[in-house]
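Presented below is the structure to which this report refers.
Protein chains: 2
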Amino acid sequence: MAGIYDIGLEKTAANYVPLTPLSLLKRAALVHPQLPAVIHGERRYTWAQVYERARRLASALRAAGVGHGDTVAAVLSNTPEMYECHFGVPGAGAVLNTINVRLDAATIAFILDHGEAKVLITDREFAPVVKAALDQLGRSLLVIDVDDPEYTGPGDRLGALDYESFLASGDPQFELIYPADEWDAISLNYTSGTTANPKGVVYHHRGAYLNALSNIVSWGMPHHAVYLWTLPMFHCNGWCFPWTMAANAGTNICLRKVDAGLIWQAIERYRVTHYCGAPIVHSLIANNAPPHWRAGQGSHKVSGLIAAAPPPVAVLQAMAEIGFEITHVYGLTETYGPAAVCAKQPDWATLPIEEQARLNGRQGVTYHAEEAIGVFDPATMQPVPWDGQTMGEVMFRGNIVMKGYLKNPAATETAFRDGWFHSGDLAVVHPDGYIKITDRAKDIIISGGENISSIEVEDALYKHPAVMLAAVVAAPDPKWGEVPHAFIELRDGVSVTEEELQQHCRKYLAGYKIPKKFTFGPLPKTSTGKIQKFILREQAKSRQAIADV
Amino acid sequence: MAGIYDIGLEKTAANYVPLTPLSLLKRAALVHPQLPAVIHGERRYTWAQVYERARRLASALRAAGVGHGDTVAAVLSNTPEMYECHFGVPGAGAVLNTINVRLDAATIAFILDHGEAKVLITDREFAPVVKAALDQLGRSLLVIDVDDPEYTGPGDRLGALDYESFLASGDPQFELIYPADEWDAISLNYTSGTTANPKGVVYHHRGAYLNALSNIVSWGMPHHAVYLWTLPMFHCNGWCFPWTMAANAGTNICLRKVDAGLIWQAIERYRVTHYCGAPIVHSLIANNAPPHWRAGQGSHKVSGLIAAAPPPVAVLQAMAEIGFEITHVYGLTETYGPAAVCAKQPDWATLPIEEQARLNGRQGVTYHAEEAIGVFDPATMQPVPWDGQTMGEVMFRGNIVMKGYLKNPAATETAFRDGWFHSGDLAVVHPDGYIKITDRAKDIIISGGENISSIEVEDALYKHPAVMLAAVVAAPDPKWGEVPHAFIELRDGVSVTEEELQQHCRKYLAGYKIPKKFTFGPLPKTSTGKIQKFILREQAKSRQAIADV
Ligand SMILES: Nc1ncnc2c1ncn2[C@@H]1O[C@H](COP(=O)(O)OP(=O)(O)OP(=O)(O)O)[C@@H](O)[C@H]1O
Ligand SMILES: Nc1ncnc2c1ncn2[C@@H]1O[C@H](COP(=O)(O)OP(=O)(O)OP(=O)(O)O)[C@@H](O)[C@H]1O
Ligand SMILES: [Mg+2]
Ligand SMILES: [Mg+2]
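The listed protein sequences correspond, in order, to chains R and F. Counted from 1, the first sequence has number 277 at position 258 by our numbering; the numbering is strictly sequential. Counted from 1, the second sequence has number 145 at position 126 by our numbering; the numbering is strictly sequential.
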């Protein structure tokens, strides 16, 4: 029986609008038309201009035959064009597929094929690899070249059209097309491949809108932040920050590459207040801080989000020393970027800095827009006790879990079994309810029947002053089945021996956890700075070790 | 034809949860269990405790037979119980109907009858009027008495149960019941009656959640605010701030009554950072500020939201003098409280204070969670030009427009005609897109065919140092049809004549706008401090004046 609250109270045009980040751009343009929205070298766009350019883009895409649910791919670095794509493409009713610019031609071809891209917007810098990808793809699509004046290196134009003329052909008054349903797809992000074959993670307008706001609420961002684009926008749509910055009506400072000199120049010139990145980005910033920042005499407050890998204590300490306020977040491509935050308790501020770093090094608790994080035994779906010891798999549930994997219902179903998204990360839950990732499902080392968290071993190695980067994987051993194998990248100008590192580890680790093997040299990394353990695992023959037990 | 983004990408338990503020309380309790959530005199509850008490309340309500879509009414002041009702009642699947504690018995009886309340939770202080209302209602319902230790005045218990025993009977582990659909009703707010018969405005979980976040984003609230309850929670659910404070994991400082001494005691003792209220609340605070605050030596920063009536420039100036940061918002019961904000442009900060006050006195632009505000000619639905001159009716569209009026589809349809919620407020749009309310539809004075904004006349009167409150309505006049009639409440210990005020007005107003009649004495106000113009209009015989034209 329908109750009194169900009758005559339907959705109407007056009281219901699908959630979409397009609203956020419209509001920024209406409320703050003259504030700086995007700065890139000599180019500056206000919010009114970004809105106009996004409308032109949407309109030109429609004119080019792009319609509802079509895919528009982009191979772009952090430029104004990339920013505009985050509004202009969905504003045409289409789906934005940002592609990692460091991928090889074969993978790009795979993505263009699998995602069924109708249009490709590509920066001249990446012409050689994109050209090869297009050759391999073996079908034609509309290619639009971005010829960024800030880029003066080599690289041909590949298409018939350039981005600025394409915009010029668009209608500056075009009404951005809202999704008919907030569940409609807004973007497509292929997992960047630290593990298996790329899978196409689909985001919807609802989740993009909610995480855009959640970034502000969970981080505690004030109005009009000056946001430096150290994080690639192609990675999980820059953790939804293109949309967040519209809600914030702040300023996007573009950056074509992560370079310490350029970063510090931007921080000082534009008084950057916010940025995001993997631990390696933060180290780079700390290691290259100008003397007055090191002396605690920085000109203003800077806040950073750190994620993508567990932040080494040393990094958190280095950031504190230059007066940066760092917040640790955690998530996956499948969760729109950050879906967990190590929320700081007010009383932590009085603790010794090492203790603060330890507490902040945990992956934490749910983001506002996420409903729940659980750590479960995946076989029984029983939650692990909050004892800081028992490992389980991290799972997410809520509105910032992806729509699913494109054209892969089997993988989607597996990922969502039992009503939770399975992250493949392993964690313990501390007595205060904060999770601490102790390993990735594929990373654990089982030595003589004892579980070793490779991250724990890495943490110990990071405490050695000579160690710049450390990664530990399982290696086969005739006696123990698996033993930890450490891959080490040293800091410039220092050296250390295997024996010295073992001695050092003895201070922090039980004997069986100390690496038995060492390899020194540069580590393979993804474009987002994450160490590609799967390559190391191949080198160390990890799979063989695990299968042989 | 279904596209690739529509297949195998359905909603599942893993990636979809209805939006509801219940999530926000759960998160606060999980993440910040030990932080102070609610403080009321000697009572203090942490977020863990508030969550537990809300769960007990929900569970006890279920046990008492309350189910999906039942109405639970509350006649409560700003106490912990009132706060808990905002979670415990919807957490039982029911709808919270908070009732203005200053209403007369007949109106309360009308509301209990019309809203079909099954349960009434009522504070001992209001026993006489509530008892009379229950007698008039003529049917029995479950009455639960709140006996607040902070209240030591007279008042009988009316029911068979008291709130604390009721909670004690509930299950502290009860799982709050989420709405099956985020469109389900969460609360029922009767318009407080500055105009016609009360209408029951229905809010849904989706809107409550979105405005809870929007309060944070639109105001720019940092984490862990200390929020003083100067605004009644019964008014538009305290503009959604009960839910906002859970998202913010801040502290609610309860306040049974708006009293300058109590407010300043709380500000200093708890270091209150945020509060909301009508202009009169802010005047009270400014007029009673301790000397060191007046001297600009306040101990900390305080931010206030001002709304419910256009803030007189004098009030905005007074607040600036004591160092309070005031943000002007605007909305109606029908828009979940604030749905517009006078967003401050960074460059305003350098302007003279009078100019800042003038700019901030405008009702502004859309709140983040609202899609659009328009000012239209209601006959043609043409938007007015942005000339700061042409009046139109203010209309809203978006996710924080009510579900509709309870059991009143005709009124709902009228309010929502043409796809916009019609506010009944009249405004102009300034060239920067900010709206400025110039009158209420029912307030305008037409004198000799010329429109006079009563608010403009009031603004002029407020500039006179003797004037505490001013309200101007239409009075009949044999020659001009209508003339402005001013009702004036003077400041303590000062006096002024009709002639002096007319002389004063001559400085600011064209001759025909100067009030022809004056009445001195205290003005009738609603419990939220809004002047009840409809009473003055009766006194002045406005309707007669308008009808006679
Ligand atoms: N704060 C963090 N602490 C530890 N690990 C993190 C953190 N943030 C992210 N990660 C790791 O990164 C993974 C998510 O990677 P993401 O999906 O962003 O990139 P990816 O390259 O697609 O990885 P993959 O292809 O393996 O899924 C997480 O599952 C986790 O293992
Ligand atoms: N910032 C503001 N400036 C001017 N007027 C305001 C402002 N905020 C609210 N109002 C007035 O208050 C009205 C909303 O009142 P609200 O719905 O909150 O209370 P109400 O007592 O139910 O009034 P009514 O019964 O007349 O609708 C608005 O329509 C507007 O006229
Ligand atoms: Mg991934
Ligand atoms: Mg109203």
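Note that the Cβ used here is the ideal one computed from N, Cα and C, for glycine as well.
7 angstroms Cβ cutoff met for residue i and residue j
i: R:ASP451; j: R:VAL413; result: no
i: R:ILE596; j: R:LEU542; result: This structure cannot speak to residue 596 of chain R, because chain R is shown only from 20 to 568.
i: F:ALA146; j: F:ALA92; result: no
i: R:ASP494; j: R:VAL502; result: According to the sequence shown, residue 494 of chain R is Ala rather than Asp. For R:ALA494 and R:VAL502, yes; Cβs fall inside 7 angstroms.
i: R:ALA279; j: R:HIS243; result: no
i: F:ALA48; j: F:LEU80; result: no
i: R:LEU38; j: R:LEU195; result: no
i: F:GLY573; j: R:PRO428; result: Nothing about residue 573 of chain F can be reported from this structure: the residues present for chain F run from 20 to 568 only.
i: R:LEU44; j: R:PHE106; result: yes
i: F:ALA479; j: F:LEU528; result: yes
i: R:HIS301; j: R:MET338; result: yes
i: R:ALA297; j: R:THR547; result: yes
i: R:TYR64; j: R:PRO261; result: no
i: F:ASN97; j: F:LEU207; result: no
i: R:CYS255; j: R:GLY134; result: no
i: F:PHE18; j: F:ALA559; result: Since the displayed chain F opens at 20 and closes at 568, residue 18 of chain F lies outside it and no answer follows.
i: F:THR31; j: R:PHE395; result: no
i: R:VAL94; j: R:VAL50; result: no
i: F:LEU324; j: F:THR346; result: yes
i: R:ARG416; j: R:VAL492; result: no
i: R:VAL420; j: F:ALA199; result: no
Beta-ladder partner(s) of residue i, from DSSP
i: R:LYS455; result: R:VAL447
i: F:TYR102; result: None, per the DSSP bridge assignment.
i: R:GLU508; result: R:LEU488
i: F:SER322; result: F:HIS293, F:GLU344
i: R:MET414; result: R:GLY393, R:HIS441
i: R:ARG62; result: R:HIS59
i: F:ILE471; result: F:ILE464
Exposure label - residue i; buried when at least 16 CB within 10 Å
i: R:ILE454; result: buried
i: F:SER514; result: exposed
i: F:ASN306; result: exposed
i: R:HIS319; result: exposed
i: F:THR270; result: buried
i: R:VAL36; result: buried
i: F:THR9; result: Within the shown structure, residues of chain F are numbered from 20 to 568, placing residue 9 of chain F beyond reach of any answer.
i: F:ASP164; result: buried
i: F:SER184; result: exposed
i: R:ILE474; result: buried
i: F:THR433; result: exposed
i: F:ALA326; result: buried
i: F:VAL568; result: Low per-residue confidence applies at F:VAL568: pLDDT is 30, beneath 50, and the placement is therefore not dependable enough to give any value.
i: F:PRO217; result: buried
i: F:ILE372; result: exposed
i: F:SER159; result: exposed
i: R:THR213; result: Low confidence applies here, because R:THR213 scores a pLDDT of 45, under 50, leaving its location unreliable and the question unanswered by this model.
Residue i CB to nearest heavy atom of ligand 5 below 6 angstroms
i: F:LEU351; result: Only ligand 1, ligand 2, ligand 3 and ligand 4 can be found as ligands here, which leaves ligand 5 out of the picture.
**Prompt:** If contact means a Cβ-Cβ distance below 7 angstroms, which residues of the segment 416-446 of chain R contact chain F?
**Reply:** Within the segment 416-446 of chain R, the qualifying residues are ARG416, GLY417, ASN418, VAL420, MET421, LYS422, GLY423, LEU425, LYS426, PRO428, THR431, PHE435, GLY438, TRP439, PHE440.
**Message:** Along the segment 79-93 of chain F, where does the CB come closer than 9 angstroms to a CB of chain R? Name the residues.
**Reply:** Cβ contacts with chain R: HIS87, GLY88, ASP89, THR90.
**Request:** Check each residue of the segment 383-403 of chain F: if its Cβ is closer than 7 angstroms to any Cβ of chain R, include it; give the result in chain order.
**Result:** Answer set for the segment 383-403 of chain F: VAL384, THR385, HIS387, GLU390.
**Message:** Along the segment 206-239 of chain R, where does the CB come closer than 7 angstroms to a CB of chain F? Name the residues.
**Reply:** The segment 206-239 of chain R vs chain F, Cβ under 7 angstroms: VAL221, LEU232, ILE235, VAL236, GLY239.
**Request:** Pull out every residue of the segment 187-205 of chain R whose Cβ sits closer than 8 angstroms to any Cβ of chain F, in chain order.
**Result:** Here the close residues are TRP202, ASP203, ALA204.
**Message:** Give me the subset of the segment 318-330 of chain F whose CB atoms are less than 9 angstroms from a CB atom of chain R, sorted by chain position.
**Reply:** Flagged: no residues at all.
**Prompt:** Closer than 8 angstroms, Cβ to any Cβ of chain F: which residues of the segment 106-136 of chain R, in chain order?
**Reply:** Residues passing the 8 angstroms Cβ filter: VAL114, GLU135.
**Message:** Can you pull out the residues from the segment 54-68 of chain F whose beta carbon lies closer than 9 angstroms to at least one beta carbon of chain R?
**Reply:** Per Cβ criterion, the list reads LEU54.
**Item:** Interface residues of the segment 23-34 of chain F facing chain R [CB-CB below 9 angstroms]
**Value:** Legend: CB atoms of the segment 23-34 of chain F lying less than 9 angstroms from CB atoms of chain R belong to residues ILE23, TYR24, ASP25, ILE26, GLY27, LEU28, GLU29, LYS30, THR31, ALA32, ALA33, ASN34.
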